[in-house]
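Everything below concerns the one structure shown next.
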Amino acid sequence: MLETPRLILRPALIKDAENLYRLNSDPEVMRYTGDKKFNSPFEARNLIQERIIPQYTQHRMGRFMAFLKDGTFIGWCGLKYFPETGEVDLGYRLIQHFWGMGYATEAGECCIDYGFKELKLNRIIAKAMPENIASIKVMQKLGMTFRGYLRDPTDLQSFIVYDIFNSEKKP
Ligand SMILES: CC(C)(COP(=O)(O)OP(=O)(O)OC[C@H]1O[C@@H](n2cnc3c(N)ncnc32)[C@H](O)[C@@H]1OP(=O)(O)O)[C@@H](O)C(=O)NCCC(=O)NCCS
């Protein structure tokens with residue numbers, strides 16, 4: 001479990017399926033993610049069980065569920081390991097009601113600290129569609145550096161890539 005001044009970040013549990021289903025049901029939230037909405041809470045449950053939880057056990061990292069201190073679910077933020085490239089990616093997704101309050105930056109900062117201090121990672125990347133200004137702004141506020149564009153060969157979607165190195169992180 002990770003804690004910031006306003007948030008609790010914790011690994012996903014099966015009981016979070018309903019919250020994830022609700023989060024992904026908002027087309028505005030999904031607009032720039034490239035992900036499809038779940039057809040049912042059961043699909044969200046499968047994702048937690050088959051994709052999210054194994055990241056914790058295999059790589060000591062993963063997308064963490066984010067809550068206000070009063071227990072209100074606001075979305076998720078966390079690191080994900082991509083075995084194909086060996087890269088670790090920071091991601092975030094919040095319920096629309098909680099946008100624009102600095103929560104993604106606060107949660108992202110905490111996850112980057114965890115990656116560098118606890119996991120001793122060398123580099124963390126973040127990717128966004130070029131139209132996703134809010135996400136790119138978060139990367140910049142986190143002190144990440146623009147590295148270029150990446151084109152997904154399967155759907156030809158372009159992504160903008162930022163990164164940060166352990167050595168660049170202020171203590
Ligand atoms: C991306 C996302 C997580 C950002 O969360 P957030 O908590 O609102 O982010 P923060 O408040 O920490 O910072 C957002 C910044 O972007 C700015 N911003 C948002 N929309 C903007 C726009 N259209 N143009 C310019 N700036 C914009 C905000 O003003 C804020 O900057 P500021 O602190 O300088 O005012 C949230 O918008 C979200 O969940 N989006 C849907 C899912 C998604 O796209 N995830 C990322 C996929 S790569």
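The numbering of the sequence shown is our numbering, which starts it at 1 and goes up by one.
Glycine included, each C-beta is placed from N, C-alpha and C at the ideal position.
Being a predicted model, the structure only gives us computed values, none of them experimental.
Cβ neighbours of residue i in the same chain (closer than 7 Å, five flanking residues each side left out)
| i | result |
| --- | --- |
| D192 | An answer regarding residue 192 cannot be provided, because it is not within the stretch 1 to 171 covered by the chain. |
| G34 | Q157 |
Residue i: CB within 7 Å of a non-hydrogen atom of ligand 1
| i | result |
| --- | --- |
| M61 | no |
| I133 | yes |
| V138 | yes |
| G102 | yes |
| R147 | no |
| T33 | yes |
| V88 | no |
| R93 | yes |
| K141 | yes |
| T105 | yes |
| V29 | yes |
| G78 | no |
| A128 | yes |
| G75 | yes |
6 Å CB neighbourhood of residue i in its chain, flanking five on each side removed
| i | result |
| --- | --- |
| A190 | A question about residue 190 goes unanswered here, because the residues of the chain that appear run from 1 up to 171. |
| A66 | L7, L9, I74, G75, W76, C77, A107 |
| L121 | V88, G115 |
| M139 | A126, Y162 |
| P41 | A17, E18, Y21 |
Spatial neighbours of residue i in its chain, beta-carbon cut-off 8 Å, leaving aside the 5 residues before and after
| i | result |
| --- | --- |
| Q55 | M61, G62, R63, K80, Y81 |
| I14 | R45, I48, Q49 |
| Y32 | A128, M129, E131, N132, S135 |
| R151 | Q157, S158, F159 |
| M30 | N24, K36, K37 |
Alpha carbon of residue i to alpha carbon of residue j, nearest angstrom
| i | j | result |
| --- | --- | --- |
| C77 | S167 | 22 Å |
| F98 | E106 | 13 Å |
| K137 | A12 | 26 Å |
| V161 | K127 | 5 Å |
| Y149 | I133 | 15 Å |
| E28 | K169 | 32 Å |
| L23 | L68 | 15 Å |
| P5 | G102 | 12 Å |
| M1 | I53 | 14 Å |
| P153 | D70 | 43 Å |
| P83 | H59 | 10 Å |
| T72 | A104 | 15 Å |
| I124 | G91 | 10 Å |
| E109 | L142 | 6 Å |
For residue i, the residue or residues it bridges with in DSSP
| i | result |
| --- | --- |
| A128 | I160 |
| Y149 | I160 |
| L90 | L79 |
Residue i beta carbon near ligand 2 (any heavy atom closer than 7 Å)
| i | result |
| --- | --- |
| L156 | Of the ligands this structure carries, namely ligand 1, none is ligand 2. |
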